[in-house]
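In UniProt numbering, the protein residues as written are 1 to 230. To keep things clear, I will list the structure first and then write my remarks on it.
Here's what the structure looks like:
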């Protein structure tokens with residue numbers, strides 16, 4: 001399985017009766033650790049279950065109470081209640097990636113940049129990314145992609161998506177002396193040194209975020225240079 005496909009699944013079956021309270025509390029601790037330590041993102045299948053977990057009121061479901069206790073072991077329940085934007089980390093992707101077909105060469109490259117994008121989103125959620133004097137949060141990514149800092153009450157008319165495009169190829173001026181090819185009389189225009197432009201592009205009318213992917217010729221730049229326009 002590709003590393004970008006891995007997720008910590010917390011499905012309805014996790015909450016079935018008869019499961020040990022200790023195990024339910026452990027589920028909550030695992031979720032808190034994943035959220036706070038940039039680990040695999042837990043996914044709650046049902047929105048109603050998510051709302052029960054973050055509710056400030058009493059809950060009659062003993063399973064949910066135990067998971068809430070586990071979340072609060074690391075203070076994550078309070079963080080989720082005070083910062084609702086963090087709930088996006090517990091929901092299916094609001095920016096759904098559109099990958100190429102299985103087995104294609106493009107798919108491997110798309111998953112390579114998508115894995116880095118997911119890491120970037122987690123850093124933003126943890127307030128570890130800044131732009132100028134502004135500390136970024138998830139609303140900035142959503143606003144860049146859709147023009148809206150919050151999900152509308154009735155949802156988006158067009159589901160936000162993440163698409164992959166080829167990077168912009170740019171010739172790199174050589175700062176060194178003539179290359180071996182040049183010395184042998186090979187025209188540099190036939191083999192120009194190239195680097196790629198990896199700035200994401202947003203289409204807010206259609207809620208599409210385009211992310212350049214690497215190619216066989218152009219590798220991904222370092223993470224601190226990626227997604228700098230988001």
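We treat Cβ as the ideally placed atom computed from N, Cα and C, and that holds for glycine.
Excluding the 5 residues flanking residue i on each side, which residues of the same chain have their C-beta closer than 6 Å to its C-beta?
i	result
residue 80	54, 86
residue 130	none
residue 152	none
residue 123	129
residue 59	52, 65
Look up residue i in the DSSP assignment and give the residues it is bridged to.
i	result
residue 96	161
residue 131	134
residue 197	168
Would you mind reading off the limits of the beta strand (DSSP E) that contains residue i?
i	result
residue 202	201-203
residue 208	208-212
Rounded to whole angstroms, what's the CA-CA distance from residue i to residue j? Just pull it up for me.
i	j	result
residue 97	residue 163	6 Å
residue 49	residue 217	46 Å
residue 104	residue 222	25 Å
residue 36	residue 90	13 Å
residue 62	residue 120	35 Å
residue 143	residue 210	14 Å
residue 64	residue 52	7 Å
residue 214	residue 150	30 Å
residue 220	residue 133	26 Å
residue 76	residue 114	26 Å
residue 34	residue 169	37 Å
residue 82	residue 154	22 Å
residue 29	residue 68	9 Å
Do residue i and residue j have their C-beta atoms within less than 8 Å of each other?
i	j	result
residue 110	residue 100	yes
residue 95	residue 160	yes
residue 25	residue 57	no
residue 212	residue 141	no
residue 125	residue 202	no
residue 148	residue 135	no
residue 227	residue 156	no
residue 74	residue 106	no
Can you tell me where the alpha helix (DSSP H) holding residue i begins and where it ends?
i	result
residue 146	138-146
residue 117	105-125
residue 65	62-72
residue 89	Careful: residue 89 lies outside any alpha helix (DSSP H) and carries neither H nor E.
residue 81	76-82
Which residues in the same chain have their Cβ closer than 8 Å to the Cβ of residue i, if we skip the five residues on either side of it in sequence?
i	result
residue 78	72
residue 225	198
residue 139	85, 149, 150
By Cβ distance below 7 Å, which residues in the same chain neighbour residue i in space, the five residues on each side in sequence not counted?
i	result
residue 158	206, 207
residue 3	The predicted position of residue 3 is uncertain, since its pLDDT is 43 and thus under 50; a value taken from the coordinates is nonetheless stated next. Excluding residues within five positions, the ones whose Cβ falls inside 7 Å are 115.
At a cut-off of 7 Å, would you count residue i as near the ligand NAD, judging by its Cβ distance to the nearest heavy atom?
i	result
residue 70	The ligand NAD is not part of the structure shown, which contains no ligands of any sort.
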